[in-house]
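For reference, the structure discussed in these notes is given below.
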Amino acid sequence: MPDKSSLINNAFRIFSMADPILIVDEIMAIANDADAYDGEGTNYDLDGNPIDVQLHWSITQEEKDRYSRVLVSIIDMTARRKRERSLEVISAVSAAVRTAKTRVEMMDVISDQITRLFNADAWAAVLITDDKKYYVVDYATGLWEKLTGITLDADDPIYTTFFPDAMPVIVNRDDHISTRVNLEDDFAYIDRVVCPLIAEDQVLGAMLIGRKTSLVDIDIDLVHSLSNIFAVALYRTNLLEKTRLYADHMTAISTLGRRLSQTLNLEEVYDYLAKGVLQIFPTIKSVYVTSFDSVTQYQTCEYAIVNNKKLDVSTYPPVQLAPPGMGTISEVAYTRQPLIVDEFSEYIRGLMRKHNPNMNMDDIQSSVIIPLIVKDEFLGVLQVLSDKPHYFTQMDVDLLFPLASTGAIAIKNSRLFTETQEQLKRLATLHTVDTAISSSLELKVTLNILANELAAIPGFLAINVLLYDTTRQLLEFSVSRGFAISGENPTSIRLGEGLAGKAALEGKVITCHDIDKECVSIIKPGELVKDEFRGYAAVPMINKGQIKGVLEVYFADRKYQEDEWIEFLETLAGQVSIAIDNNLLVQQLQRSNLELTLAYDSTLEGWSKALDLRDRETEGHSRRVTELTVRLAEALGLMDQDLVNIRRGSLLHDIGKMGIPDSILLKEGPLTPEEWVIMRKHPVYAFEMLSPITYLSKSLDIPYCHHEHWDGRGYPRGLKEEQIPLAARIFAIADVYDSLVSDRPYRKAWTKEKALQQIREESGTHLDSRIVDVFLHMMGQ
48 MPDKSSLINN AFRIFSMADP ILIVDEIMAI ANDADAYDGE GTNYDLDGNP
98 IDVQLHWSIT QEEKDRYSRV LVSIIDMTAR RKRERSLEVI SAVSAAVRTA
148 KTRVEMMDVI SDQITRLFNA DAWAAVLITD DKKYYVVDYA TGLWEKLTGI
198 TLDADDPIYT TFFPDAMPVI VNRDDHISTR VNLEDDFAYI DRVVCPLIAE
248 DQVLGAMLIG RKTSLVDIDI DLVHSLSNIF AVALYRTNLL EKTRLYADHM
298 TAISTLGRRL SQTLNLEEVY DYLAKGVLQI FPTIKSVYVT SFDSVTQYQT
348 CEYAIVNNKK LDVSTYPPVQ LAPPGMGTIS EVAYTRQPLI VDEFSEYIRG
398 LMRKHNPNMN MDDIQSSVII PLIVKDEFLG VLQVLSDKPH YFTQMDVDLL
448 FPLASTGAIA IKNSRLFTET QEQLKRLATL HTVDTAISSS LELKVTLNIL
498 ANELAAIPGF LAINVLLYDT TRQLLEFSVS RGFAISGENP TSIRLGEGLA
548 GKAALEGKVI TCHDIDKECV SIIKPGELVK DEFRGYAAVP MINKGQIKGV
598 LEVYFADRKY QEDEWIEFLE TLAGQVSIAI DNNLLVQQLQ RSNLELTLAY
648 DSTLEGWSKA LDLRDRETEG HSRRVTELTV RLAEALGLMD QDLVNIRRGS
698 LLHDIGKMGI PDSILLKEGP LTPEEWVIMR KHPVYAFEML SPITYLSKSL
748 DIPYCHHEHW DGRGYPRGLK EEQIPLAARI FAIADVYDSL VSDRPYRKAW
798 TKEKALQQIR EESGTHLDSR IVDVFLHMMG Q
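Residue 828, in my numbering, is where the sequence shown stops; the numbers in between run on with no holes.
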């Protein structure tokens, strides 16, 4: 019968090298006289490989330390323990993954769990882009951390390494890897396990585990299970993030739509549109809005924001649209379809530098371009650029498209509003100039109003109005606005000289842009800020086929050279040319009228001299009394035409004496009562002679009423006080004074003092006392 010593020796022989803990525990049971034992531990199989075992023995003791029966059972538990450990790991990983709130957190959890579980030196997740065109090393740790962000084409030979089949594959360090990208040596020269990530029958990518030591002992089934957990979690996280992102984007689009509906300011529309894009893509580098002119086939950068900084695009020149297939924007313009540019070619980079000279192409790798279309009208493009290649996907296009559509409608509405406002401004300007032409015969006034109205239009930097001198055959500078004062500027130019002279000579509008050397050359130093100058137009002013001058306008925006603005300027030029013609006609009429007036006045003076010659007693009297009457009228505040009428009336005050017989008019002695009756009819004769002459109708007051007295005792009608016309009251004082200080056949001339004293005495009876006071003051009394 075996004794206790032999049992202990057998236990040592079976377990001592495999599991010291298990042998110590078993020997202690034997030493303590236990009749049975159950334990678990490690042992070696026949090939010397460690295995998990379950040990059971029972003994029957016949006498002290001697046993009649010993039953031993050793069961291989390796497979079971492996399954249990796998379940524990899977459970732990699953629990950890569930706590992750984002894809990045989930990646951290998976990387940490697998690195510790398999004692890995590197771990990576390679994911397929939504469009299935590329594979991106989305996350990498350990020796592979530098590979993060590498993008591989779908047809890269390394595809066979990443995605060999649906099961994990061990790739030894000695296996050659074909690829078009430069991988780190640490990737190529360590053992790898590559396991596809598949969920819902979709291949999402691959999980890779790398270790410097051999991976032959790795549990492929466990790796497969973990990759499935990872794939499902990744699939759900992607769905959750896409759903959340989609909701955020829809909120952004809704907010943008609300903001855009509240403004008609084009600059605000561009700003809101760019901010909406930045809200959807917070990591992008640049947003550009480019407009397109379907008539000129030019594209113009209207708005740009780079690194959250708005750029001044006013210096960006318009660029001719490239032919189909020769540019990114041109492709969108011709196809009207969005375009994703994964990586820019050098040719495209060159086109973009030409379009936007200040763009740093080193920071630009990929782009998405969305057309801005309203009712089949192509307005331009919304261009979003990233500093990462292959950044944009079809999902980004789907998000940007409604944003661009909303923005396009707002841009169209804003343009329509701006065009309406500009049209109203043009109409208002035309109306103002029309009013000036119809209400003023002064050409200078009309030209100044024209220049002021044009200078008030935003974007009109400067204005020149040149008038054509037909005698000298030169264009003379007449009115200008917006230029610095310079004594060096010419005052006239010849026909055909410069752009203005060319417009006058050819009789058509001449325009040019700031990019045209001939256009830039017209700006003299100090006249304009060259950086603000964008264009120029010279519009000939023509009426009835005859050149009248040229209207020059310098623009700060090229849009003012579009058809509607040029037509507006042509209309203004036409109006002004008519005004110039009208002014010439008025000048001719005024000259003719002046000549006729001088002829009339000369005739009146001739009549007056003839009367003086007939009436020897009053020779020179008409001229003297006329001058004195006009002086007194001026002292009373009368002006202009009133003075003219008073002068004419004064000259003709005795015209009625032409109807008095010489026997009475030239009689040397006193007149009889009968003769006085005839003599006192000369005012009536004057009225009858002059009233049919319209030209003298307003000069009748003096010839007809100069013998009326303030107290009503005058003739021919016995008028008194204010009934007597003012001109007649003024003349009466001058007539009395001149009569008193002049020699007459029947008396000598009075002195000035005596005559003025007589005037004082007749104040209030014969003469108007108020006018007498003014006369006395005028005469120094």
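Virtual Cβ for every residue (Gly too), placed ideally from N, Cα, C.
_Distance check for A171 and K193, CA to CA, integer angstroms please._
Just so you know, the alpha carbons of K193 and A171 end up roughly 11 Å apart.
*Measuring alpha carbon to alpha carbon, tell me which of A455, H700, G454, I417 ends up nearest T440.*
I417
*asked:* Taking a contact to mean a Cβ-Cβ separation below 9 Å, would you say V415 touches P370 in this structure?
replied: no
*Alpha carbon to alpha carbon, how far is K332 from Y319? Give it in angstroms, no decimals.*
17 Å
*Which parts of the stretch 758–820 are runs of the alpha helix (DSSP H), unbroken and 4 residues or longer, counting only runs that do not cross its ends?*
773–787, 799–809
*asked:* Just to confirm my understanding: we take L766, look at its own chain, exclude 5 residues before and 5 after, and list those with CB closer than 6 Å. What are they?
replied: E755
*Give the C-beta separation of V366 and I458 to the nearest angstrom, bearing in mind that I take them to be a contact with Cβ-Cβ under 8 Å.*
In this structure V366 does not touch I458 by the C-beta definition: roughly 19 Å separates them, more than the 8 Å allowed.
*Does the beta-carbon distance from A547 to V597 come in below 9 Å?*
yes
*So does the stretch 173–189 actually touch the stretch 249–267, counting three or more Cβ pairs closer than 8 Å?*
Yes: at least three Cβ pairs fall under 8 Å.
*Return the chain-ordered ranges of every alpha helix (DSSP H) run that is complete within the stretch 428–489 and spans a minimum of 4 residues.*
441–486
_Collapsed DSSP secondary structure at Y186 in the structure displayed_ = strand
*Measuring alpha carbon to alpha carbon, tell me which of E247, R291, I237, K801 ends up nearest K148.*
R291
*So, are the CB atoms of F580 and F602 less than 9 Å apart?*
yes
*Since A802 contacts Y784 with CB under 8 Å, what's their CB separation in whole angstroms?*
6 Å
_Three or more C-beta pairs below 8 Å linking the stretch 684–700 and the stretch 804–817_ = Three or more Cβ pairs closer than 8 Å define a contact, and the stretch 684–700 falls short of that threshold against the stretch 804–817.
*Boundaries (first-last residue) of the alpha helix (DSSP H) holding V556*: Annotation: V556 is outside any alpha helix (DSSP H) and is labelled neither H nor E by DSSP.
*Can you give me the Cβ contacts of I121 inside the same chain, cut-off strictly under 6 Å, excluding the 5 residues immediately before and after it?*
Excluding sequence neighbours, I121 sits near V100, L102.
*Grouping DSSP H, G and I as helix and E and B as strand, with all else coil, what is L747?*
coil
*asked:* So for I420, helix, strand or coil by DSSP?
replied: Look at I420 here: in three-state DSSP terms it is strand.
*On the DSSP bridge assignment, give the partners of C348 in chain order.*
By DSSP's assignment, C348 forms a beta bridge with T337.
*Output the distance between the C-alpha atoms of S361 and E349, rounded to the nearest integer angstrom.*
8 Å
*In or out: V379 buried (at least 16 other Cβ within 10 Å) or exposed?*
buried
*asked:* Quick test of the definition: if touching needs 3 or more C-beta pairs under 8 Å, does the stretch 281–297 touch the stretch 424–440?
replied: no
*Beta carbon of F339, beta carbon of L358: below 9 Å?*
no
*Euclidean distance between Cα positions of E469 and I613*: 13 Å
_For a test of the three-state rule: what should DSSP assign to A81, helix, strand or coil?_
DSSP places A81 in coil when its eight states are reduced to three.
*Mind checking which residues open and close the beta strand (DSSP E) that includes G257?*
249–258
_Buried or exposed, going by whether 16 or more other CB atoms sit within 10 Å of the CB of Q160?_
buried
*Starting from E617, follow its DSSP beta bridges and name the residues at the other end.*
The partner list for E617 (beta bridge, DSSP) is empty, contrary to what the question assumes.
*State whether the stretch 756–763 contacts the stretch 663–682, with contact taken as three or more CB pairs (one from each stretch) at a distance under 8 Å.*
Using a C-beta cut-off of 8 Å, the stretch 756–763 makes no contact with the stretch 663–682, since fewer than three inter-stretch Cβ pairs fall below that distance.
*Just grab the DSSP bridge partners of T107 for me.*
As DSSP reads the structure, T107 sits in a beta bridge with R116.
*Starting from P730, follow the alpha helix (DSSP H) in both directions and report where the run begins and ends.*
729–737
*Using the beta-carbon count (16 or more within 10 Å), is M75 buried or exposed?*
exposed
*L307: which of L286, S272, L450 sits nearest, CA to CA?*
L450
*Answer yes or no: do A585 and A550 have a C-beta to C-beta separation smaller than 9 Å?*
yes
*Just mark N692 as buried or exposed, buried being the case when its beta carbon has 16 or more other beta carbons within 10 Å.*
buried
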